[in-house]
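Novice: Shown below is the structure under consideration.
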Amino acid sequence: MEDEVYAIIAPWAGIPTWYTGHQLDQNRFASVMDDLHSRFGPGLDMKVFEAALRRHAEQTPTMLGAPDNWDPVIREFAVLAKNY
Numbered sequence: 001m002e003d004e005v006y007a008i009i010a011p012w013a014g015i016p017t018w019y020t021g022h023q024l025d026q027n028r029f030a031s032v033m034d035d036l037h038s039r040f041g042p043g044l045d046m047k048v049f050e051a052a053l054r055r056h057a058e059q060t061p062t063m064l065g066a067p068d069n070w071d072p073v074i075r076e077f078a079v080l081a082k083n084y
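Under the UniProt record's numbering, think of the first position of the sequence shown as 1, with each following residue one higher.
In structure tokens, the structure reads:
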């Protein structure tokens with residue numbers, strides 16, 4: 001299931017600015033959350049979501065100013081995803 005979540009969130013988390021508050025990033029996040037809910041319903045395992053997001057964070061080229069530690073960012077987006 002992690003690979004499927006990884007693929008679904010790629011249009012958002014595969015962008016170097018995915019973690020920013022930029023409106024385009026927020027719109028992409030909302031779009032992939034809609035896709036995740038369509039595929040998995042409200043019962044998406046957040047550990048799977050976090051693992052898929054961590055893979056993107058580690059594999060996607062980042063911009064200057066990217067966090068040194070992705071843990072708080074991933075936790076923040078897991079909470080946002082859970083409450084979406």
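Ideal placement from N, C-alpha and C gives every residue a C-beta, glycine not left out.
Just how far apart, CA to CA, sit R54 and V5?
Specialist: If I take the Cα positions, the gap works out to 12 Å.
Novice: Okay, do the region 8–20 and the region 63–79 touch, 3+ Cβ pairs below 8 Å being the bar?
Specialist: The region 8–20 vs the region 63–79: in contact.
Novice: Going by beta-carbon coordinates alone, are M1 and V48 separated by less than 8 Å?
Specialist: The answer is yes: Cβ separation under 8 Å.
Novice: I need the DSSP call for residue 94, collapsed to helix, strand or coil.
Specialist: In this structure the chain extends from 1 to 84, so residue 94 is not present and cannot be described.
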